[in-house]
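Positions 143 to 546 (the numbering used here) are the ones given, in order, by the sequence shown.
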Amino acid sequence: MTLRLYWQDAYQRTFEARVLQRLTHKGYPAVVLDQTAFYPTAGGQPHDTGKLNGVEVIEVLEHGDDIVHVTSAPIEDEVVHGALNWARRFDHMQQHSGQHVLSQAFVRVAGLDTVAVHIGKEVCTIDLPTAQLAPETVARAEAEANAVVWEDRPIRAFIVDEAEIARFPLRRPPKVRGAVRIVEVQEYDWSACGGTHVRSTAQIGAIKIVRAEKRGKETRVTFICGQRAFADYVQLHHNVAQIMERLSAPRYQVAEAVQRALGSAQRMRKALQEARVRLAAYEAEALLAQAVPFNGGRCVVHVFEDRDPEEVRLIARAVCAQQPTVALLGVAGEQGQLIFARAEALPHVDAAALLRQALAALFPQGGVKGGGSAVFAQSSGFAVDRDRLRAVLNALAARLSMPL
Ligand SMILES: [Zn+2]
C-alpha cells in the first residue's frame, strides 16, 4: 500500500520513499513505493511526471491501494528521492479546481449537473445533460465562476465517514462506498474527489469557456483555466493586435473591420472579373483579325507570355463565341499551359484530341497531363519556351487546313 502524500499536501513537490516492489508495465520498468507525491491517472485528472533518483517517471497508475511509477530506466536503489514536474502538476491543479467551480456555477445558473469531466493536455471539458445550452447561459455561468475565483475562497479536502456524508450537499454522489474524500470550495461546492487542488480559488487565476458544442442529448463545454487561459489570452491578443494594425481597426471592432474588408475584396473580385471579360472580348477581336481560314472555319493561334491562364481561358471562350472558330492558345514561360477551344458550329473539330496531339509533339516522353471536351480542353502547367510552343501550335493549325 502506498501512502498518498498528495492527499495530505497537494503542494509537496519532493519526497523520500522506500521501494516496496519492482515490476514491469508494457515493457517498461516500474516501482511501487511506500509513499509518493506522484498523482496517478484518476478521476479525470492526468498523472504527474517527474524524476525518481534522476530517472524519468513517464506514467503513474493506480493499482488497488498501490501506486505504480513507470520509469524510463530501471531503479536499483532501495531508497529514492522523488521530484515532481511541478509546472505540469500545478497546471492540473488549476484546471481541476476550476472545473469544480465551473460545474457548480452551471448548477446554480441553469440547474445543470456535470455528467462527465476530462482534463486534457490543452483543454478541459465538462459534459452537461442538455442539447440546448444558450450562449447567455454559458456567459452567465462563466461570469459566476470567475466571480468565485476573485472571492479567493479557501479550497480544502477532508475525509468523511459514510454515515456523515449526508451532512454535505454533494454535487454528485460518491462512486465508492465507505469513507469519502470531499473537496470543498468554501460555502460554494462540495464534491467527492480524489484529485489535487489549489489552496484557494484565487490560484485558479481565471476560467475561460472557449466552446460549447452539442453532442447528441448533451452539450460539451470546453474551457481553460489559470496559466492556460493566460497563454491563450497572450496568443489571441498578439493575433488581434496584428489584425487591428493591418485594418486600422479599433480594439473591439475588429470583427466588423474584417467583415468590411471581406466585402470589399469580394466586390473587387467581381469588378475584376467583369473587367477581364470585357478585356478578353477586345483581345479576341484583335486575334480574330489574324485568324487563318480552313474548311469553313477559322483558326486563331496565339502564344502569350507569362499570362494568367484564367485570362487566356476567357479569351479562348470569347474567340469561339463570335465565329465558327478554333482557338489554339498557349502560355509560354515557367508556368506554361495549353488552352484549346472551338465554336459550337464546328462539330468535326475535337479540342481534346488536338490538345493530345500538341502535348505528344511537345513532350514525346509524356509527363504533362491534359484533358477536357470536344469544345474546350486544357493542359496542366509546364515550362516551355515561346518559339517552340508557337512552332507546335502552327504545325497543328496547318494540319487543320488539310482536307478531311
Ligand atoms: Zn474533482
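For every residue, glycine included, the Cβ atom is placed at its ideal position computed from N, Cα and C. Keep in mind it's a predicted model, so treat the numbers as computed, not measured.
> Does the Cβ of C335 lie closer than 7 Å to at least one heavy atom of ligand 1?
Replying inline: yes
> Three or more C-beta pairs closer than 8 Å, one from the stretch 235-252 and one from the stretch 326-343: is that the case here?
Replying inline: yes
> Is any heavy atom in ligand 1 found nearer than 7 Å to the beta carbon of H565?
Replying inline: A question about residue 565 goes unanswered here, because the residues of the chain that appear run from 143 up to 546.
>> Looking at the strands, I want to know which residues DSSP matches up with H223.
In response: E158
> CA-CA distance, R313 and A179?
Replying inline: 27 Å
> Around the C-beta of K350, are 16 or more other C-beta atoms found within 10 angstroms, so that it is buried, or is it exposed?
Replying inline: buried
> So, is Q377 buried or exposed, given that buried needs 16 or more other C-beta atoms within 10 angstroms?
Replying inline: exposed
> From the DSSP output, which residues share a beta bridge with Y170?
Replying inline: H167
> Looking only at DSSP bridge pairs, what is F365 linked to?
Replying inline: C266 and I351
> So what does DSSP say about A469, is it helix, strand or coil?
Replying inline: strand
> Do the stretch 509-516 and the stretch 447-460 touch if we need at least three Cβ pairs shorter than 8 Å?
Replying inline: no
>> Let me check you understand the geometry: is the CB of V340 closer than 7 Å to at least one non-hydrogen atom of ligand 1?
In response: no
> How would you write the range of the beta strand (DSSP E) that S239 sits in, first residue to last?
Replying inline: Segment W228 to A252 is the alpha helix (DSSP H) holding S239; no beta strand (DSSP E) there.
> Where does the unbroken beta strand (DSSP E) through C335 begin, and where does it stop?
Replying inline: C335 -> no beta strand (DSSP E), and no H or E assigned at all.
> For G512, which residues does DSSP report across the bridge?
Replying inline: S521
> Any chance the CB of V327 is under 7 Å from a heavy atom of ligand 1?
Replying inline: no
>> Is any non-hydrogen atom of ligand 1 found closer than 7 Å to the C-beta of H242, if you look at the structure I gave you?
In response: yes
> DSSP three-state call for D529: helix, strand or coil?
Replying inline: helix
>> Could you compute how far the alpha carbon of R541 sits from the alpha carbon of V400?
In response: 55 Å
>> Taking 8 Å as the threshold (C-beta atoms), are G472 and L535 in contact?
In response: yes
> Excluding sequence positions up to five away, which residues of its chain have a Cβ less than 6 Å from the Cβ of F482?
Replying inline: L470, A493, L496, L497 and A519
>> Here's the rule: buried if 16 or more other CB atoms are within 10 angstroms of the residue's CB, otherwise exposed. What is L546?
In response: Low local confidence applies: a pLDDT of 44 at L546 is under 50, so the model's placement there is unreliable, with the coordinate-based value given in what follows. Exposed, by the Cβ-count rule.
>> So, under 8 Å CB-CB, V249 and E286 are touching, yes? Tell me the CB distance rounded to an integer number of Å.
In response: Incorrect: roughly 10 Å between the Cβ atoms, too far for contact.
>> When you measure from the CB of G262 to every non-hydrogen atom of ligand 1, does any distance come out below 7 Å?
In response: no
> What residue range is occupied by the uninterrupted alpha helix (DSSP H) comprising R393?
Replying inline: No alpha helix (DSSP H) contains R393, which DSSP labels as neither H nor E.
> Which stretch, first to last residue, makes up the alpha helix (DSSP H) that contains R282?
Replying inline: P277 to W292
>> Which same chain residues end up closer than 8 Å to I209 when comparing Cβ atoms and leaving out the 5 residues on each side of it in sequence?
In response: T144, R146, V174, L175, T178, F180, P182, V202 and L203
> When the Cβ atoms of the stretch 152-165 are set against those of the stretch 219-237, are three or more pairs found closer than 8 Å?
Replying inline: yes
> Taking the DSSP output, what are the residues bridged to D190?
Replying inline: DSSP, once it has assigned bridges, lists no residue as partnering D190.
> CA-CA distance, D151 and A354?
Replying inline: 34 Å
>> Distance check for Y148 and V574, CA to CA, integer angstroms please.
In response: The requested residue 574 does not occur in the structure, where the chain is confined to residues 143 to 546.
> Tell me which same chain residues have a C-beta within less than 8 Å of the C-beta of V243, skipping the five on either side of it?
Replying inline: A287, V290, V291, V327, Y330, D331, T343, I346 and I349
>> Going by the DSSP bridge assignment, what does I301 pair with across the sheet?
In response: R323
> Considering only residues of the same chain and omitting the five flanking positions on each side of Q477, which have a CB-CB separation below 7 Å?
Replying inline: G523
> What residues are listed by DSSP as bridge partners for R146?
Replying inline: T178
> Quick one: Cα of Q369 to Cα of V419, how far?
Replying inline: 55 Å
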